Amino acid sequence: MLWAVGQYYAYLGLAVLILTAVVSAYVLLTPYHEVRLIRAGNRAAACSLGGTVIGLALAVASAVAHSLSLLDMAVWSVLAGVTQMVVYMAVARLLPGLKTRIVEDDLAHGLFLGAVSIAVGLLNAAALTD
622 MLWAVGQYYA
632 YLGLAVLILT
642 AVVSAYVLLT
652 PYHEVRLIRA
662 GNRAAACSLG
672 GTVIGLALAV
682 ASAVAHSLSL
692 LDMAVWSVLA
702 GVTQMVVYMA
712 VARLLPGLKT
722 RIVEDDLAHG
732 LFLGAVSIAV
742 GLLNAAALTD
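Spelled out as structure tokens, the structure:
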């Protein structure tokens, strides 16, 4: 029983660490400061970053559930994080004014980016199964 509790905390701790690290890297990738914008009440930034966090958490949760080891889980989780960053770059190319529109609190752009991030997170999660 104690071994299982240790495993639980090891997987949970590593998952939270990876989620935090990847979200931090994602925020550095984007040309605007999501946290600052969210603190100022920017809904577009909140929807965009919120969708990214949800999408990534879905993929990390799937990696935790289906991995054979902590290393296996970490590798797949980081790969899912890289995929989320590629999604941002793809949407930014699709919507050339994305930076300006997020900063200006254009909710349509924030919701679209957030929704795409969640959708890709679901696909990531499904791809990480046995």
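Heads up, the sequence shown is in our numbering, so the first residue is 622 and it goes up one at a time. Think of the CB as a built atom: it goes at the ideal place given N, C-alpha and C, for glycine as much as any other residue. The structure presented is a predicted model; accordingly, all values stated were derived computationally and were not measured.
Continuous alpha helix (DSSP H) stretch holding residue i: start and end
{"i": "Leu734", "result": "728-748"}
{"i": "Leu635", "result": "623-650"}
{"i": "Ser669", "result": "664-687"}
{"i": "Leu716", "result": "Counting along the chain, Leu716 falls outside any alpha helix (DSSP H), and DSSP gives it neither H nor E."}
{"i": "Glu655", "result": "655-660"}
Local Cβ density within 10 Å of residue i, reported as buried at 16 or more and exposed below that
{"i": "Ser669", "result": "buried"}
{"i": "Ala711", "result": "exposed"}
{"i": "Gly672", "result": "buried"}
Inter-residue spacing [alpha-carbon to alpha-carbon] between residue i and residue j
{"i": "Gly662", "j": "Trp624", "result": "44 angstroms"}
{"i": "Gly735", "j": "Leu689", "result": "30 angstroms"}
{"i": "Ala642", "j": "Ala667", "result": "18 angstroms"}
{"i": "Thr651", "j": "Asp751", "result": "33 angstroms"}
{"i": "Tyr630", "j": "Ser683", "result": "16 angstroms"}
{"i": "Arg657", "j": "Met622", "result": "44 angstroms"}
{"i": "Tyr637", "j": "Phe733", "result": "Rather than Tyr, the amino acid found at residue 637 in this sequence is Val. C-alpha separation (whole angstroms): 26 angstroms."}
{"i": "Arg660", "j": "His654", "result": "10 angstroms"}
{"i": "Leu700", "j": "Ile639", "result": "11 angstroms"}
Contact set for residue i: own chain, Cβ-Cβ below 7 angstroms, skip 5 residues either direction
{"i": "Val674", "result": "Val644"}
{"i": "Lys720", "result": "Pro652, Tyr653"}
Whole-angstrom C-beta distance between residue j and residue i, which should lie under 8 angstroms
{"i": "Ala678", "j": "Asn745", "result": "Wrong, their Cβ atoms sit about 11 angstroms apart, outside the cutoff."}
Residues near residue i by beta carbon distance below 8 angstroms, same chain, minus five either side
{"i": "Leu691", "result": "Ala631, Tyr632, Leu635"}
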